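Reading through the structure tokens given below for one structure.
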Amino acid sequence: MAVAAVSVWKAASPWLHAFRTHCRTLPLLLAMGLFGQVPGPVSRLEIRTEPADARVRPLESIVVHVSARGASSTDRTGAASLPLRRGPATFHLRDARSGWLSKPYRRQGLSGLRAPLRSGSESEQRLAAMAARHSGLQDAVLFTAPDRTGEVVLTATIEGVSATVRITVTDDAMSQTIPERVKFGPQPATGDPYRALAEHYAPFVAQETWFQPKSDYLARFDADGDWRGDNNWENLGHASSQAYVYYAAIATETHWFLIYNFFHLRDYSDKCAAGTCHENDNEGLVLTIARDGTHMGSPVAMETLAHNKVYSYRADPRVRGNAHNLEGDVEFSDGSHPVVFVHSGGHGVYGTGQHSGYSAAKDEFTGGTGVTYVYKGLAERPRYPSDRNVGYDLLSIHDHWWVRSQEARSRSGGAFAAYYRYEPAGGRPPAAAEWIAGAFRGMRHGKNMAKPFWGWHDNETRKKGILATGQWGLDPAYAVSRNLALPGPVSLRYTFNPYLGAAY
Numbered sequence: 040m041a042v043a044a045v046s047v048w049k050a051a052s053p054w055l056h057a058f059r060t061h062c063r064t065l066p067l068l069l070a071m072g073l074f075g076q077v078p079g080p081v082s083r084l085e086i087r088t089e090p091a092d093a094r095v096r097p098l099e100s101i102v103v104h105v106s107a108r109g110a111s112s113t114d115r116t117g118a119a120s121l122p123l124r125r126g127p128a129t130f131h132l133r134d135a136r137s138g139w140l141s142k143p144y145r146r147q148g149l150s151g152l153r154a155p156l157r158s159g160s161e162s163e164q165r166l167a168a169m170a171a172r173h174s175g176l177q178d179a180v181l182f183t184a185p186d187r188t189g190e191v192v193l194t195a196t197i198e199g200v201s202a203t204v205r206i207t208v209t210d211d212a213m214s215q216t217i218p219e220r221v222k223f224g225p226q227p228a229t230g231d232p233y234r235a236l237a238e239h240y241a242p243f244v245a246q247e248t249w250f251q252p253k254s255d256y257l258a259r260f261d262a263d264g265d266w267r268g269d270n271n272w273e274n275l276g277h278a279s280s281q282a283y284v285y286y287a288a289i290a291t292e293t294h295w296f297l298i299y300n301f302f303h304l305r306d307y308s309d310k311c312a313a314g315t316c317h318e319n320d321n322e323g324l325v326l327t328i329a330r331d332g333t334h335m336g337s338p339v340a341m342e343t344l345a346h347n348k349v350y351s352y353r354a355d356p357r358v359r360g361n362a363h364n365l366e367g368d369v370e371f372s373d374g375s376h377p378v379v380f381v382h383s384g385g386h387g388v389y390g391t392g393q394h395s396g397y398s399a400a401k402d403e404f405t406g407g408t409g410v411t412y413v414y415k416g417l418a419e420r421p422r423y424p425s426d427r428n429v430g431y432d433l434l435s436i437h438d439h440w441w442v443r444s445q446e447a448r449s450r451s452g453g454a455f456a457a458y459y460r461y462e463p464a465g466g467r468p469p470a471a472a473e474w475i476a477g478a479f480r481g482m483r484h485g486k487n488m489a490k491p492f493w494g495w496h497d498n499e500t501r502k503k504g505i506l507a508t509g510q511w512g513l514d515p516a517y518a519v520s521r522n523l524a525l526p527g528p529v530s531l532r533y534t535f536n537p538y539l540g541a542a543y
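Here the sequence shown is numbered in this note's numbering, starting from 40 and rising by one per residue.
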């Protein structure tokens, strides 16, 4: 027994040594600001812009970055002015009408922040480097200029200390916009009998934008002019920013189900840990409409997807929760278009309410900038990251994705990947094909992370065995009848569902 105890002690000693090292370096971590506490006050701020001359064209954007400086923890006299990890900074414009500010973000490639720790031990320097990489400090904003020339005054403040920068909006500034090489013309006419229904309920999309606004703009998969998914990240700059929303329609004897997908070329963040950023992104919603004898029916419920979690909203006050709780009521624009908020960066989709960052009443994004999109049957481009009422066109998911994914299964590369066998819960019908594409092909930052609607899942119902991967979109009648309690009869027999092989 004693020998075993000694062996365990020896085996554990490297871990104990690491623990003792951590204990010794904890004050250092505190001094670095890992927990937001750095000795010494902020004495001044420095503001830099990219480009450095602080000149920008109307409706174009530049980066504004602020850093705090003060005395080191060993020299409180202020004689040695060193960079401090302090924040977050608050930014505001002297004239609110003189442009737009994104929500703050952590600028990539920060320099000079390790300077106070040069004299530390090797382990301390490693910890300092780790903390610098993983810090959540948000010290920059994207400033978008107004449509008129002139001078704009922007102020940044940290702990009561402020600094200002004067930005010149002029037509002769160097353009920050990459010319787009791809342009799509009008879409060919479609014989889809559900197109009019999809147009009638096409959502009002409040799309938040951040420090890569083009990554937040609604796009089509082939925005770069090809059907490869593994070059969409690198081709973002010259890809088309024309706005499209993908849709699918499914019908039972009692309800219609409209599925809307919002595709983006990048899922991005200011701190991309493994798997949190990736090439391509696709999230969306399912709108349930009762077939009440009228031409367009009556909306009953809406469910949205945000990061593998489904959020449920009611359009009919008689709807009750079941496997899901209700998040609130569906808000409509112009009578029939549900208002949805799409988060910047990760592009989770929400209805209005506690998770939304947009107020329809004020037409305002609460966190910073954003673009609103409305259905016009015309694919317009946002002019700037806070544009309004940009028109989008609808694209058929069946024609653009489903058919193509089946044709592409035997070929390597291309648009789709991660083919799988759909195995529905509840003894429900199988998919129309034995193997279906579980993801869009993507290789940058995360492999094959974005999914078409038939690859979506809800963590909660999948864990409980209520719905299988893909079932929320492929079998919406069954899914909504499990997630929510709907008024009136709910038929589970499809009159149209090409994804499960049902016909008219």
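Note that the Cβ used here is the ideal one computed from N, Cα and C, for glycine as well.
Keep in mind it's a predicted model, so treat the numbers as computed, not measured.
Taking a cut-off of 8 Å for Cβ pairs, the stretch 217-234 and the stretch 395-406 do not touch, as fewer than three such pairs fall below it. Annotation for C316: D306, Y307, S308, H484 place their beta carbon closer than 6 Å to its own, counting only its chain and skipping 5 residues before and after. Between H376 and R330, the gap from beta carbon to beta carbon reaches 8 Å or more. Straight-line measurement puts the Cα of G109 at about 47 Å from the Cα of Q281. Cβ atoms of N347 and N498 come within 8 Å of each other, at about 5 Å.
Three or more Cβ pairs closer than 8 Å define a contact, and the stretch 529-541 meets that threshold against the stretch 286-301.
Annotation for Y517: no beta strand (DSSP E) segment contains it, though the alpha helix (DSSP H) segment containing it runs 515-522. Per the C-alpha coordinates, the member of H382, G407, E322 positioned closest to A135 is G407.
Secondary structure note for L344: its beta strand (DSSP E) is the uninterrupted segment 337-344.
Spanning the alpha carbons of G374 and R124 requires a straight line of approximately 49 Å. In the assembly as shown, R146 is a buried residue. Its beta-carbon has 16 or more other beta-carbons within 10 Å.
Runs of the alpha helix (DSSP H) lying entirely within the stretch 194-253 and spanning at least 4 residues, in chain order: 234-239. The bridge partners DSSP lists for T500 come to none. Taking C-beta atoms under 8 Å as the contact rule, G384 and W249 qualify, at a distance of about 6 Å.
Residue pairing of V388 in beta bridges, as defined by DSSP: V381.
Taking the Cα positions, T194 is about 6 Å away from A202.
Annotation: V442 is outside any beta strand (DSSP E); the continuous alpha helix (DSSP H) that includes it extends over 442-447.
In the displayed model, W295 falls within a strand according to three-state DSSP.
T411 and S372 have their C-alpha atoms roughly 12 Å apart.
Under the 8 Å Cβ criterion, the stretch 356-373 does not count as touching the stretch 89-108, having fewer than three qualifying pairs. The C-alpha of L433 lies about 26 Å from the C-alpha of T508. DSSP places V369 outside any beta strand (DSSP E), giving it a letter other than H or E. Annotation for C311: H484 place their beta carbon closer than 7 Å to its own, counting only its chain and skipping 5 residues before and after. Taking A354 as reference, the option from N364, L236, G360, V339 with the minimal CA-CA separation is V339.
Judged by DSSP in its simplified three-state form, G512 adopts helix.
Less than 8 Å divides the Cβ of G360 from the Cβ of L523. For G323, the enclosing beta strand (DSSP E) covers residues 317-329. Only buried fits S141, as 16 or more other CB atoms lie within 10 angstroms of its CB. Boundaries of the beta strand (DSSP E) harbouring L84: 81-89, taken from the DSSP string. Using a C-beta cut-off of 8 Å, the stretch 411-425 makes contact with the stretch 237-256, since at least three inter-stretch Cβ pairs fall below that distance. Residue state for W493 is assigned as helix, using DSSP reduced to three classes.
Residue nearest to P252 within the set E99, S82, T207 is E99 (criterion: CA-CA distance). The Cβ atoms of I217 and H277 lie closer than 8 Å to each other. In this structure, DSSP gives D432 an extended state, which the three-state scheme calls strand. P122 is bridged by DSSP to R108. By the Cβ neighbour-count rule, G540 is exposed, with fewer than 16 other Cβ atoms within 10 Å of its own.
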